[in-house]
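So the protein sequences, as listed, match chains A and B.
Residue numbering for the first sequence follows our numbering, starting at 22 and increasing by one per position.
Residue numbering for the second sequence follows our numbering, starting at 56 and increasing by one per position.
Note that CB positions come from ideal geometry on N, CA and C, so glycine has one too.
Keep in mind it's a predicted model, so treat the numbers as computed, not measured.
Shown next, in structure tokens, is the structure this report addresses.
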Amino acid sequence: MTPKKSRILVIQNLVIQFTLRGRVLTAIRDISLDLYKGESLAIVGESGSGKSVLMKSIMGLLDKNGSIKQGRIIYNAQDLGQFTTEQEWLGIRGKEIAMVTQDPMTSLNPLKTIGKQIEECVVMHQGLKGKEAYEETLKLLTDVGITDVKKRYKQYPHEFSGGMRQRIVIAIAIACKPAILICDEPTTALDVTIQAQILQLLKNLQQKYGLSIVYITHDLGVVAKVADRIAVMYAGDVIEVGETHEIFFNSKHPYTWALISSLPQLGSKGEQLYSIKGTPPNLFQEINGDAFAPRNQYALKIDFIERPPFFQISDTHYARTWLLDPLAPKVDPPAALQAFFAEGRSYAND
Amino acid sequence: MTDKEVLVEVKNLTVVFGKGKNKFTAIDDVSFHIFKGETFGIVGESGSGKTTIGRAIMRINEVTEGQILYHGKSIQGKIPKDWDKEITQKIQMIFQDPMASLNERAKVDYIISEGLYPSKKYKDEADRQRKVRNALLNVGLLPEFSSRFPHEFSGGQRQRIGIARALVMEPEFIIADEPISALDVSIRAQVLNLLASLQQQNHLTYLFIAHDLSIVRFITDRTAVIYKGKIVELAETEKLFAHPLHPYTRALLSAVPEPNPYKERGKVVEVYDPSQHSYDQNPPSFVEIEEGHFVLANEEELVNYRTSLKMEVNK
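Okay, here's the thing in structure tokens:
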């Protein structure tokens, strides 16, 4: 990818806070992130790292007790962070930015035929009526790989399997020809064989419609399959961002190392699998320095005092860790991880 | 590998749900055995019947046909009271969802000792408390936690409580039904390590039911692949991953994404099409194709599989 790619969505210094029983929780701590046109960006992190909150803020779906305290979300020269009315959001949500959720069992209306549910979006956002809308719906169903569409149009969600339902959810999401598609754990609830099919479908649709896709996931296997770039989140902050191979085989932040090391593929049988000690920080408290420092065996003194800036590793690869400071002692990743890096890079030339 | 003691033997197990028109065969003539001290994995997609096998061994689901032997003795139907009591204690289960499998209204102390009360496996109150304490320490939780309620714990901690509840009965054999699917990546590693170290300490045997093959590969010694109620292939885990024979096993293995973007880009996912078999004229049987490697195939396919095995050795 050339660095000159045009940016479709720009997040600048975003801070999101929630108020819970009078206490303030900072879920997103000063994040800046770009989404390029036509790319697949994967946001990776544990539960509670803020990846879903970040995406909800882009869709205007934050819970009532949460608000954007600082920063901007720029799409199409508009600052989405300034939106206050539902009316403003309706022009963006679904139309420009659509979402595929995790659980296809609960995201469809069980009382309506799936045809009607897709047509609803076609009528509302594309302004088609009657026969035209019907034809468009059939076309969408074909696009997401459903056969015998005329019969399927009249069926209810319970008549479909999990994988088929996820296809229908995707059909609804792309019904309005959005520019950005957010997939929140799109395959977690599915079997591996079905997962492979759905991921392939999303890739095909991305090419066909020129979609920019954001994947939110914690499955690094899925990430390896679909993503062009990866942003790693920890405790409400993006701590490392780069192209997929850079994060997998040349990551610099100790948290990214830890995340990759805990993959069962890196363990050998009969030995302990690497696991991260301790627990994520309490987001009700103010975090000084690097949020990962208390769990980080490579932590420096400064990690507890000052938040690290983004250090540039390549044109596309940045990491927020003091270890990259020229004055910091040189630290190598764990041996098992170095072997994984080396093995992975050996495929690069194939 | 040959002199191992067989702990659990499942012979021609068939489980049928419903009657007449609504009859559904969940498990169709499945046979396998589990050695003492090993981790035996069952993988398959949802609806393949992997959980039903586990539940049949737990005696939750009734067996329609076939036999399940534990230490060579039958465990289903009419059995002596002592034996019934013993296996109730010796076979324990760990459930998938730690959010749903703990009684929300009971304190951890009660949850863990619930199995102890009816089996009278403790001398006095002090002994019971000591057992609960030890079980908690064993799974890496603090004994003070026994006075708390499940909602005060995180997912990983709850799963540990679920494991402690199984351990307190001093079992020999634990059925773990997707014990880590509901957990976060970093927590998964912790629970897997815990299961492995407990196995060494207490000489446990595991039946590990899962759909995530990367985890199965890491933890199990032998693995059975199940498709629509039938075991299609069974072998030592490494062998199964190195030389999968049955097309369904191959499809399943190819569908698992690897954490390597270079490999994933060019990968073609195999799709399993059950109509490729000509089982109408030539019914399949479950055959040992090489030592310890079983596959479901008919004569014609066996010939192919044998040649492909030779090919792979020559490489």
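For residue 227/A, which residues in chain B fall below 9 Å Cβ to Cβ? If you number the first sequence from 1, residue 227/A lands on position 206. The contact set of residue 227/A on chain B, defined by CB atoms closer than 9 Å, is empty, because the minimum CB distance reaches about 14 Å.
Own chain, CB closer than 6 Å to residue 309/B, minus 5 neighbours either side, in chain order: The residue you call residue 309/B lines up with position 254 of the second sequence. Excluding sequence neighbours, residue 309/B sits near 324 and 325.
List the residues that DSSP assigns as beta-bridge partners of residue 122/B. Here the question's residue 122/B lines up with position 67 in the second sequence. Per DSSP, the beta bridge partners of residue 122/B are 66/B.
Listed in chain order, which residues of the segment 222-246 of chain A have Cβ atoms closer than 9 Å to some Cβ of chain B? For the segment 222-246 of chain A, residues whose beta-carbon sits nearer than 9 Å to a beta-carbon of chain B comprise 239, 240, 241, 242, 243, 244, 245 and 246.
Mind pulling the chain A residues with CB within less than 7 Å of residue 312/B? As a first step, residue 312/B is located in the second sequence; it is residue number 257 there, counting from the start. By Cβ distance, chain A contributes 242, 243, 245 and 246.
Alpha-carbon to alpha-carbon, residue 91/A and residue 332/A: Numbered from its first residue, the first sequence carries residue 332/A at position 311. Numbered from its first residue, the first sequence carries residue 91/A at position 70. C-alpha of residue 332/A to C-alpha of residue 91/A: approximately 23 Å in a straight line.
Spatial distance of residue 363/B from residue 283/A (CA atoms): Here residue 363/B refers to the residue found at position 308 when the second sequence is read from its first residue. Here residue 283/A refers to the residue found at position 262 when the first sequence is read from its first residue. Between residue 363/B and residue 283/A, the C-alpha separation is close to 35 Å.
Would you kindly report the start and end of the unbroken beta strand (DSSP E) that includes residue 340/B? Your numbering for residue 340/B matches position 285 in the second sequence. Annotation for residue 340/B: the continuous beta strand (DSSP E) segment containing it runs 340-345.
For residue 98/B, which residues does DSSP report across the bridge? Locating residue 98/B in the second sequence gives position 43, counting from the first residue. Residue 98/B is bridged to 265/B and 280/B.
Residue 89/B and residue 68/B - do their beta-carbons sit closer together than 8 Å? Here residue 68/B is taken as the residue at index 13 of the second sequence, counted from 1. Here residue 89/B is taken as the residue at index 34 of the second sequence, counted from 1. Contact: no.
Just how far apart, CA to CA, sit residue 214/B and residue 365/B? Here residue 214/B refers to the residue found at position 159 when the second sequence is read from its first residue. Here residue 365/B refers to the residue found at position 310 when the second sequence is read from its first residue. Straight-line measurement puts the Cα of residue 365/B at about 44 Å from the Cα of residue 214/B.
Counting contacts by CB-CB distance shorter than 8 Å, is residue 259/A in contact with chain B? In the first sequence, counting from the first residue as 1, residue 259/A sits at position 238. Look at residue 259/A: its C-beta is not under 8 Å from any C-beta on chain B.
Do we get a CB-CB distance below 8 Å when we pair residue 32/B with the residues of chain A? With chain B represented from 56 up to 370, any question about residue 32/B goes unanswered, as that position is not in the structure.
What residues in the segment 165-196 of chain A have a beta carbon less than 8 Å from any beta carbon of chain B? Those residues of the segment 165-196 of chain A that come within reach of chain B (Cβ to Cβ, closer than 8 Å) are 183.
DSSP state of residue 244/B mapped onto helix, strand, coil: What you label residue 244/B is simply residue 189 of the second sequence in a count that begins at 1. Here residue 244/B sits in helix by DSSP.
Measure the C-alpha to C-alpha separation of residue 225/B and residue 65/B and round it to an integer number of angstroms. The residue given as residue 225/B occupies position 170 in the second sequence. The residue given as residue 65/B occupies position 10 in the second sequence. One C-alpha to the other measures close to 23 Å.
Spatial neighbours of residue 164/B within its chain, please: CB distance less than 7 Å, with the 5 preceding and 5 following residues excluded, ordered by chain position. What you label residue 164/B is simply residue 109 of the second sequence in a count that begins at 1. Closer than 7 Å at Cβ, skipping near neighbours: 187, 201 and 202.
Chain B residues whose Cβ lies nearer than 7 Å to that of residue 62/A: For this step, residue 62/A is matched to residue 41 along the first sequence. Correct list: empty, because the minimum Cβ distance to chain B is about 14 Å.
Burial state of residue 185/A (16 or more Cβ within 10 Å): Residue numbering aside, residue 185/A sits at position 164 when the first sequence is read from its first letter. Its Cβ being crowded by 16 or more others within 10 Å, residue 185/A is buried.
Residue 88/B, DSSP secondary structure in three states: Walking along the second sequence from the start, residue 88/B turns up at place 33. DSSP places residue 88/B in strand when its eight states are reduced to three.
Given a threshold of 16 other Cβ atoms within 10 Å of its Cβ, counted over all protein chains shown, does residue 272/A qualify as buried or as exposed? Here residue 272/A refers to the residue found at position 251 when the first sequence is read from its first residue. By the neighbour-count rule (16 or more Cβ atoms within 10 Å), residue 272/A is buried.
Going by beta carbon distance, what residues of the same chain come within less than 8 Å of residue 247/B, once the five residues before and after it are set aside? Locating residue 247/B in the second sequence gives position 192, counting from the first residue. Once the five neighbours on either side are set aside, the close Cβ partners of residue 247/B are 235, 270, 273 and 274.
Starting from the N-terminal side, write out each stretch of the alpha helix (DSSP H) that is 4 residues or longer and does not extend beyond the segment 81-118 of chain A. Correct list: 107-111.
Can you check the segment 147-214 of chain A for any beta strand (DSSP E) of at least 3 residues that lies completely inside it and give the ranges in chain order? List check, beta strand (DSSP E) in window: 201-205.
Verify the CB distance criterion: does residue 331/B have a CB-CB separation below 8 Å to chain A? For the purposes of this step, residue 331/B is taken as residue 276 along the second sequence, with counting starting at 1. No, residue 331/B lies away from the interface with chain A (no Cβ there is under 8 Å from its Cβ).
Please list, in chain order, the chain A residues whose beta carbon lies closer than 8 Å to that of residue 59/B. Start at 1 with the first residue of the second sequence, and residue 59/B comes out as number 4. Within chain A, no residue has its beta carbon less than 8 Å from that of residue 59/B; the closest one is some 17 Å off.
Residue 111/B to residue 117/B span [Cα, whole Å]: Numbered from its first residue, the second sequence carries residue 111/B at position 56. Numbered from its first residue, the second sequence carries residue 117/B at position 62. Rounded to the nearest whole angstrom, the C-alpha separation of residue 111/B and residue 117/B is 6 Å.
Use the C-beta contact count for residue 61/B: other C-beta atoms within 10 angstroms, 16 or more gives buried, fewer gives exposed. Counting from 1 along the second sequence, the entry for residue 61/B is found at position 6. Per the 10 Å Cβ criterion, exposed.
Going along the segment 87-118 of chain B in order, which residues come within less than 7 Å of chain A, judged by CB to CB distance? For the segment 87-118 of chain B, which is checked against every Cβ of chain A, the residues closer than 7 Å are 100 and 101.
Is there a Cβ from chain A that is less than 8 Å from the Cβ of residue 244/B? For this step, residue 244/B is matched to residue 189 along the second sequence. So yes, residue 244/B belongs to the interface.
When the Cα atoms are used, what is the spatial distance from residue 234/A to residue 335/B? For the purposes of this step, residue 234/A is taken as the residue at position 213 of the first sequence. For the purposes of this step, residue 335/B is taken as the residue at position 280 of the second sequence. Residue 335/B has its alpha-carbon roughly 46 Å from the corresponding atom of residue 234/A.
Do you know offhand how far residue 23/A's Cα is from residue 256/A's? Looking up residue 23/A in the first sequence gives position 2. Looking up residue 256/A in the first sequence gives position 235. Bear in mind that a pLDDT of 49 at residue 23/A, under 50, signals an unreliable position, so the model cannot answer this.
Cβ-based neighbour list, residue 78/B, same chain, cut-off 7 Å, excluding 5 preceding and 5 following: Here residue 78/B refers to the residue found at position 23 of the second sequence. Taking residue 78/B as the centre and dropping the five residues before and after it, the same chain places the C-beta of 71 closer than 7 Å to its C-beta, in chain order.
Indicate whether residue 223/B and residue 171/B have their beta-carbon atoms separated by less than 8 Å. Taking the second sequence and counting its residues from 1, the one referred to as residue 223/B is at position 168. Taking the second sequence and counting its residues from 1, the one referred to as residue 171/B is at position 116. Cβ atoms of residue 223/B and residue 171/B: closer than 8 Å.
Which bits of chain A does residue 270/B rub up against, with CB to CB less than 7 Å? Residue 270/B sits at position 215 when you count from the first residue of the second sequence. Chain A residues near residue 270/B: 285.
Between which residues of its own chain and residue 121/A is the CB-CB distance below 6 Å, once the five residues before and five after are set aside? For the purposes of this step, residue 121/A is taken as the residue at position 100 of the first sequence. Around residue 121/A: 190, 191, 194, 204 and 207.
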